[in-house]
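Here is the structure we will look at, set down as structure tokens.
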Amino acid sequence: MASTQSYNPSTSEDDSIPEYPDCSFTGYSNGMERVQQEEDDRDEEPEQRRGQKRRRGQNEEDEPKVKKSTYSDISWRMMKKMGYQDNTGLGKHSQGRVDPVEASKQKGRRGLGAAPDPVDHSATRFDETEEVIQMPEIIDWLRSEMDDLDELDRSKLDEWCVHGTRKLTIDDETLFCDPEILKLVLEAKTVFDDMNDLEMRRACQRSNPFETIKNAVFLNRAAVKMANMDALLNFMFTNPVDEDGSSLVRDYELLYFADVCAGPGGFSEYVLWKRKWHAKGFGFTLRAENDFNLDNFLAGHPETFHPFYGIKEDGDVYNPENIESLMKLVMNETETGVHFMMADGGFSVKNQENIQEILSKRLYLCQCLAALSILREKGHFVVKLFDLFTPFSVGLIYLMYKCFRQIAIIKPNTSRPANSERYLVCKWMKPHTDTIRRHLLDICETMYNSSGNEDIRELVPYEILREDTRFFRYIYESNNRIGRNQITGLRKIAAYAQNKNLVETRQAEIREQCLREWHLPSTMRTAAKGQKTSHEEYGSELLRDTDKKFMTIPENLLTGQAKLEQIFGEMQEHWYFVALNTPENSQKNYRTFFLSKGRQDVVMLNAKGTWEHLPKGVLVEMSPKTLIYGEIVQEHKGEDRSQRTTFALHIIDGLFLDGEDIRKFPLLERNRLCHKFAQAVNKPTVPGCGETTVPIRCKKLIPFRDVGPFIDGLQYFGLKNMTQRKGYILPNTDERFYIPKALLFLCEIKSNLRMHMSTRLGEPYYYDTTQKHPFSQRELKDPHSILASFVTTFNFRQLWKWEQEHQIEPAPYNPNHHLDDGDGLLCRTHFELLTWKSDEKKRHCSNHH
7 MASTQSYNPS
17 TSEDDSIPEY
27 PDCSFTGYSN
37 GMERVQQEED
47 DRDEEPEQRR
57 GQKRRRGQNE
67 EDEPKVKKST
77 YSDISWRMMK
87 KMGYQDNTGL
97 GKHSQGRVDP
107 VEASKQKGRR
117 GLGAAPDPVD
127 HSATRFDETE
137 EVIQMPEIID
147 WLRSEMDDLD
157 ELDRSKLDEW
167 CVHGTRKLTI
177 DDETLFCDPE
187 ILKLVLEAKT
197 VFDDMNDLEM
207 RRACQRSNPF
217 ETIKNAVFLN
227 RAAVKMANMD
237 ALLNFMFTNP
247 VDEDGSSLVR
257 DYELLYFADV
267 CAGPGGFSEY
277 VLWKRKWHAK
287 GFGFTLRAEN
297 DFNLDNFLAG
307 HPETFHPFYG
317 IKEDGDVYNP
327 ENIESLMKLV
337 MNETETGVHF
347 MMADGGFSVK
357 NQENIQEILS
367 KRLYLCQCLA
377 ALSILREKGH
387 FVVKLFDLFT
397 PFSVGLIYLM
407 YKCFRQIAII
417 KPNTSRPANS
427 ERYLVCKWMK
437 PHTDTIRRHL
447 LDICETMYNS
457 SGNEDIRELV
467 PYEILREDTR
477 FFRYIYESNN
487 RIGRNQITGL
497 RKIAAYAQNK
507 NLVETRQAEI
517 REQCLREWHL
527 PSTMRTAAKG
537 QKTSHEEYGS
547 ELLRDTDKKF
557 MTIPENLLTG
567 QAKLEQIFGE
577 MQEHWYFVAL
587 NTPENSQKNY
597 RTFFLSKGRQ
607 DVVMLNAKGT
617 WEHLPKGVLV
627 EMSPKTLIYG
637 EIVQEHKGED
647 RSQRTTFALH
657 IIDGLFLDGE
667 DIRKFPLLER
677 NRLCHKFAQA
687 VNKPTVPGCG
697 ETTVPIRCKK
707 LIPFRDVGPF
717 IDGLQYFGLK
727 NMTQRKGYIL
737 PNTDERFYIP
747 KALLFLCEIK
757 SNLRMHMSTR
767 LGEPYYYDTT
777 QKHPFSQREL
787 KDPHSILASF
797 VTTFNFRQLW
807 KWEQEHQIEP
817 APYNPNHHLD
827 DGDGLLCRTH
837 FELLTWKSDE
847 KKRHCSNHH
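If you read the sequence shown in our numbering, its first letter stands for residue 7, the second for the next number, and so on.
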């Protein structure tokens, strides 16, 4: 867990800029000391080896005094056998040099007589005592006032903006940092301008204590960086809570997140690994080489992640129309916005590292604008920034500071210490931030349409920033602290580039500790299991000890002279039903089990009990290790000739959801989880986002007592074949409907139980037909003990087919009809069941019988 502390500035009225404070750190000592210590340890010969030499008749006094740091044991023994004596040369007459040949310090292909390298000069300035590693990192939170947004209106925000010509220098931006810090940062960066890329990379890898963590089980290092920050911030992203500690994710609600400027998607893979299918993400990034690499999501499955590229279909975050279309998509899918948004935008600034902040200012602004557009109230935001020396950057942070309860600027350990990278964390977005959002949108449009040297230099005047002493001091000290650490990191790289024998020895130990603190596995990244396994083996491994033969058991058909209310009797309150659409006369049974190995590798169980591909034109995408019971439904929109018909997969019940075994859960619990799962994997239809998969929905469980209102609520629709049929309008869709052709009844309690009403107590009681004893619900220690598992519910399901439409229509009054006529049974069944009908219709049925 992160060490945190509140940022409380001095109460002194002295407005002088404070020096960088001396902080008391804990953690690892300097690496150079550790290297030297290990070399000293190797000089001491183990007792075991000394004993072996004594057994061979050797005296310790006869041993040469050459250190192992000079020659290895093997080298020394070989030299001794060839007659070598200590402190003599290697020539025939012991002539020649005595000291070992030093390792080459030549850099790249530089020849003799080359000019002095500035890297060498920087290396000599590396002070190993200045490098301090803090594990975990300290976080300073800056709290914002609760209601200070009321002071900001559009006119004031517009007045604050300062327009001017484009500025491409940063060496004079000393308003928000110690001038000496800025000077040294720029100098330290400049010395690497002419260094070979390979040399630079190798020096970075050898000098960074956190380098060997690499990407862990994820597709890139960004995922580990997100894991670092999430753990450091007490998992505020993957487990968001409010200020009272209550979860911001409601029961049976998905954790919604957005990943902007995020290709190839390391941040998202971490979140999906952490929360599995219980999280749904919206991704926005540039197409082509910067696109999401979903096929390489091995740790977190991408089926609940929806890439989006804006109305322009290019993923350009600079375009305000794209940002507005992203806002529309997210609000349509979530109603109130995402719980948190991540932004990790960046681009190559080779040979322009010193002005990276100026080149990135539009990116800063557009990412912040996107967050204010799609976050819900109390949502969180994290965005990658670089240097924060210019008034534009600091003014943008000031506006975000006004929009959130707390902010923090952090430099996670996984962010290489020598670069300018840092992250702005914004916690608990306030209500009523739309004024600032619309202001930033206007600025985004201005910058998008501007040309030439016109630019917006400031968002908030320096005087306003300086008046808020708490904010000003926070930015000033943050820049100084990160700047000092960056200078040390850059000089360390120079030292390691100059001396190739330097090695950072703490990497393995630090890797182990970090993975443990960040709750990450220490295993290597591997391909997903089961991709080369047959569907038969895959399904059997998922079911494990359960024989799949039960999956081919047919429904119990409701036929004969029995009335529906007599069939279910006093058990009615434990029965539920769903409306089915499966064509009964088709050669294919589209009501069956569906198994997914991930992405679009989904098969269904046929009548022979084997797995086969879905019908042509039905493309389904679901998470791996998913096994559900459902049906393929024909959904309609519109009527008559203008009607459009599409397919959809409707989940009836579930067994496994992305490896989560829900078979033992009660029926209502399984249904809620299936609804949540369908919402997670269902993707909106967006032009330009690849091949369209069919919608996935979960059928609503309707209590038995509502059979009447359900049938009565069906509406007539005109179909393309010019017939009129009663259809069921799907909730939360754009007026889509399907034609019910049967009702499937499911029981929530175990099959060995019967419920009756006690005439003496006037309350229900249960009778166990196996144990032969009655009991009341009050006697149960666990109320769930009477509830059925999936297998029991499935085996005892009841099917009422609607082969004729007049089965669900009240029979007309006809005194000439008799009970032995065909309509008599239908009318009697219908009357006994549909108790909601009017008295007139009841009299007609009564007179008829």
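Yeah, the Cβ is synthetic: ideal placement off N, Cα and C, and Gly gets one too. The structure presented is a predicted model; accordingly, all values stated were derived computationally and were not measured.
In the DSSP assignment, the residues bridged to Trp806 are Leu749.
Secondary structure note for Glu363: it is in no beta strand (DSSP E), and the uninterrupted alpha helix (DSSP H) holding it is Gln362 to Leu365.
Contiguous alpha helix (DSSP H) elements confined to the stretch 548-587 occur at 570-574, taking only those with 4 or more residues. Between Arg742 and Glu641 a beta carbon distance of about 5 Å is seen, short of the 8 Å cut, so the two are scored as contacting.
As a beta-bridge residue in DSSP terms, Glu464 pairs with Val168. Under the three-state reduction of DSSP, Trp434 is assigned to strand. Sixteen is the threshold: when 16 or more other Cβ atoms of the shown chains lie within 10 Å of the Cβ of Ile364, as they do, the residue is buried.
Between Tyr407 and Ser150 a beta carbon distance of about 5 Å is seen, short of the 8 Å cut, so the two are scored as contacting.
Spatial neighbours of Gln101 in its own chain (CB-CB distance under 8 Å, excluding positions within 5 residues in sequence) are listed in chain order as Gly95. Under the three-state reduction of DSSP output, Lys162 falls in the helix class. Looking from the CA of Glu483, the closest CA among Phe410, Val400, Phe243 and Pro246 belongs to Val400. Contact between Leu663 and Trp283 holds: CB atoms are separated by about 6 Å, below the 8 Å threshold.
Residue state for Ala654 is assigned as strand, using DSSP reduced to three classes. Between the stretch 723-734 and the stretch 593-610, the count of C-beta pairs closer than 8 Å stays below three; the two stretches do not touch. Cα atoms of Lys390 and Cys372: separation of roughly 12 Å, rounded to the nearest angstrom. The shortest C-alpha to C-alpha distance from Val168 to any of Arg703, Ser540, Ile449 and Arg411 is the one to Ile449. Within its own chain, the residues whose Cβ lies closer than 8 Å to the Cβ of Pro690, once the five positions on either side in sequence are excluded, are His312, Leu335, Asn338 and Glu339, listed in chain order.
When the beta-carbon positions are compared, Tyr454 and Asn325 come within less than 9 Å of each other. Secondary structure of Val389 (DSSP, three-state): strand. For Ser602, there is no enclosing alpha helix (DSSP H); the enclosing beta strand (DSSP E) has its first and last residue at Arg597 to Ser602. The three-state reading of DSSP puts Leu369 in helix, counting H, G and I together. Taking all protein chains shown into account, Leu563 has fewer than 16 neighbouring C-beta atoms within 10 Å of its C-beta and is therefore exposed. Nearest to Leu655 by C-alpha distance, out of Gly352, Lys705 and Pro270, is Lys705. Rounded to whole angstroms, the Cβ separation of Asp659 and Thr799 is 7 Å, and the two are in contact under 8 Å. The alpha-carbon separation between Ala684 and Gln504 amounts to approximately 58 Å. In the structure shown, Ala264 falls within a strand segment according to DSSP collapsed to helix, strand and coil.
Taking C-beta atoms as the reference points, Leu465 and Phe398 count as a pair closer than 9 Å. Residue state for Tyr635 is assigned as strand, using DSSP reduced to three classes. Taking C-beta separations shorter than 7 Å and ignoring five residues to either side along the sequence, the partners of Glu359 in its chain run Lys195, following chain order. Counting along the chain, Gln519 sits inside the alpha helix (DSSP H) bounded by residues Gln513 to Glu523.
Ala501 and Met530 have their C-alpha atoms roughly 31 Å apart.
Going by beta carbons, Glu460 and Thr739 fall outside the 9 Å limit. Fewer than three pairs of CB atoms, one per stretch, sit closer than 8 Å, so the stretch 573-582 makes no contact with the stretch 604-623. If you compare the alpha carbons of Glu579, Lys807 and Ala585 with that of Leu720, the shortest gap goes to Ala585. For Gly724, the uninterrupted beta strand (DSSP E) segment begins and ends at Gln721 to Gly724.
In this structure, the CA atom of Phe583 is about 6 Å from the CA atom of Pro709.
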